[in-house]
Amino acid sequence: MNDFSISMALVDYIPVVFFAIAAIILLRDLYDKMSKCAYALFSAGVIDVAIAGGLKATWKLLYAAGACNFEALDAMFFPVQSIGFLFAGIGILNMLLNKNSQKALMAVAPPVFSGTFVFVGLMVVGLGIMDVVLCILSAKLKKPWLIAIFAFYFICSLCMGYLSSQDFVKSAMNWIAEGVNVLGQGTLLLGTILLHKNGLAKLTLDGGEDQ
Numbered sequence: 000m001n002d003f004s005i006s007m008a009l010v011d012y013i014p015v016v017f018f019a020i021a022a023i024i025l026l027r028d029l030y031d032k033m034s035k036c037a038y039a040l041f042s043a044g045v046i047d048v049a050i051a052g053g054l055k056a057t058w059k060l061l062y063a064a065g066a067c068n069f070e071a072l073d074a075m076f077f078p079v080q081s082i083g084f085l086f087a088g089i090g091i092l093n094m095l096l097n098k099n100s101q102k103a104l105m106a107v108a109p110p111v112f113s114g115t116f117v118f119v120g121l122m123v124v125g126l127g128i129m130d131v132v133l134c135i136l137s138a139k140l141k142k143p144w145l146i147a148i149f150a151f152y153f154i155c156s157l158c159m160g161y162l163s164s165q166d167f168v169k170s171a172m173n174w175i176a177e178g179v180n181v182l183g184q185g186t187l188l189l190g191t192i193l194l195h196k197n198g199l200a201k202l203t204l205d206g207g208e209d210q
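See the structure below:
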């Protein structure tokens with residue numbers, strides 16, 4: 000049996016909210032910088048990630064409250080979140096490489112795999128791409144110190160990838176994972192807010208800012 004408490008389940012919603020707010024800020028600031036296809040892919044990706052996290056937290060809450068063990072909500076977490084991060088990474092990278100290109104993205108479809116390791120790999124790749132682009136945007140805004148924030152977020156994400164392979168039956172492991180996740184998503188939210196305040200919405204991708 001899993002050693003969950005209601006308070007632990009409620010804490011699990013915090014990183015989901017942090018990520019969702021950061022995603023909304025990025026979606027608003029980057030709207031006019033992406034092609035329609037890239038924006039749709041990035042949007043779908045971050046929505047998938049938020050939904051996956053929210054459903055996993057809901058599964059934990061239902062389990063802790065003794066309502067039911069809704070196994071599907073737990074089982075879908077890795078496939079949905081990993082593909083979501085991959086889509087988000089491809090979408091935001093396309094913004095830098097070719098703002099008007101849609102051909103390559105149209106061919107992207109969720110691969111069929113089995114095994115947690117594969118999904119962890121996809122999640123790391125997508126997160127890595129997304130973080131690299133955010134670091135590049137930080138440099139373009141002449142705020143290179145923001146790179147450290149997104150690098151720290153990526154490190155937290157790697158830690159979550161490792162922790163996800165551990166035994167989550169014990170309460171202590173769940174609290175550690177939730178703490179790392181809250182710290183990581185809080186860092187992403189902080190970095191995104193700082194990007195926004197330093198002119199991300201006005202940034203032109205050829206360098207400089209709109210006047």
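Heads up: the sequence shown at position 97 corresponds to 96 in numbering that gives the first Met the number 0, and the numbers run straight through without jumps.
Beta carbons: idealized from backbone N, C-alpha and C, even for Gly.
Check the Cα spacing between valine 48 and each of Cys67, Met122, Ile148, Thr203: the tightest is with Met122.
Of Lys32, Glu177, Leu72, the smallest CA-CA separation from lysine 201 is found for Lys32. Each residue's CA atom was taken as its position, placing glycine 44 and serine 6 some 29 angstroms apart. Between the alpha carbons of alanine 21 and glycine 52 lies a gap of roughly 14 angstroms. DSSP, read as helix, strand or coil, puts leucine 40 in helix. If you draw a straight line from the Cα of glycine 127 to the Cα of threonine 203, it comes to about 23 angstroms. In the displayed model, leucine 199 falls within a helix according to three-state DSSP. Between the alpha carbons of tyrosine 38 and proline 143 lies a gap of roughly 25 angstroms. Residue range 12-28 is occupied by the alpha helix (DSSP H) that includes phenylalanine 18. Around the CB of asparagine 180, 16 or more other CB atoms lie within 10 Å, so the residue is classed as buried. Taking C-beta atoms under 8 angstroms as the contact rule, phenylalanine 3 and alanine 63 qualify, at a distance of about 4 angstroms. Distance from the CA atom of valine 132 to the CA atom of glutamate 177, rounded to whole angstroms, is 26 angstroms. When the alpha-carbon of leucine 187 is set against those of Asp11, Val10, Val16, the nearest one is in Val16. CA-to-CA, the gap between phenylalanine 76 and methionine 94 works out to about 27 angstroms. For the options Ile192, Leu92, Asn197, Val124, the alpha carbon positioned closest to that of serine 34 is the one of Leu92. For leucine 92, the enclosing alpha helix (DSSP H) begins and ends at 76-96.
The three-state secondary structure of asparagine 173, taken from DSSP, is helix. Assigned with DSSP and collapsed to three states, methionine 129 falls in helix.
Secondary structure at lysine 141: coil, using DSSP grouped into helix, strand and coil.
If you ignore the 5 residues before and after phenylalanine 41, its C-beta comes within less than 6 angstroms of the C-beta of Ala87, Gly90, Ile91, all in its own chain and listed in chain order.
Under the 10 Å beta carbon count, lysine 196 is surrounded by fewer than 16 other beta carbons and is classified as exposed.
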